[in-house]
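Notes follow the structure.
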Amino acid sequence: MYASLTTFKTAPGKRTECEGLADKLFPIMKGMKGFKNVVYFGDSDNNEYGSLYIWETKEDLEAAYNLIRPKLQEALGPLAIEPPVRRIFEVYEPKS
Numbered sequence: 012m013y014a015s016l017t018t019f020k021t022a023p024g025k026r027t028e029c030e031g032l033a034d035k036l037f038p039i040m041k042g043m044k045g046f047k048n049v050v051y052f053g054d055s056d057n058n059e060y061g062s063l064y065i066w067e068t069k070e071d072l073e074a075a076y077n078l079i080r081p082k083l084q085e086a087l088g089p090l091a092i093e094p095p096v097r098r099i100f101e102v103y104e105p106k107s
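One gets my numbering by counting positions in the sequence shown from 1 and adding 11 to each.
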């Protein structure tokens with residue numbers, strides 16, 4: 012499995028808008044091939060928000076990102092005060 016971690020900073024007071032973005036993205040992403048799970052998170056004190064998506068394969072992760080990227084860039088345009096940071100990790104599952 013693979014994880015996609017995206018973080019971004021906003022101007023103060025944008026938590027509601029960030030939660031609205033998560034509410035819009037979740038139904039789209041959960042229906043995509045290979046979707047396993049997602050966690051959305053935020054820190055209102057530091058104005059930093061993000062998501063951690065888990066995908067079955069790296070190909071599923073990249074396909075989903077390429078499909079949603081234009082909508083995500085449009086939505087983050089008025090929110091993010093600097094470019095979002097996206098990192099990809101291979102997920103390790105302990106052997107019990």
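Cβ atoms here follow ideal geometry from the backbone N, Cα and C, with glycine treated the same way.
*For K25, count neighbouring Cβ atoms within 10 angstroms of its own Cβ and tell me buried if that reaches 16, exposed if not.*
buried
*Cross-strand partners of F46 (DSSP beta bridge)*: W66
*Alpha carbon to alpha carbon, how far is A14 from K69? Give it in angstroms, no decimals.*
8 Å
*With DSSP as the reference, label D54 as helix, strand or coil.*
strand
*Could you give the residue range of the beta strand (DSSP E) that holds E101?*
V96 to E101
*Start and end of the beta strand (DSSP E) containing L16?*
Y13 to K20
_Given this structure, state the Cα-to-Cα distance separating L83 from E67, to the nearest angstrom._
21 Å
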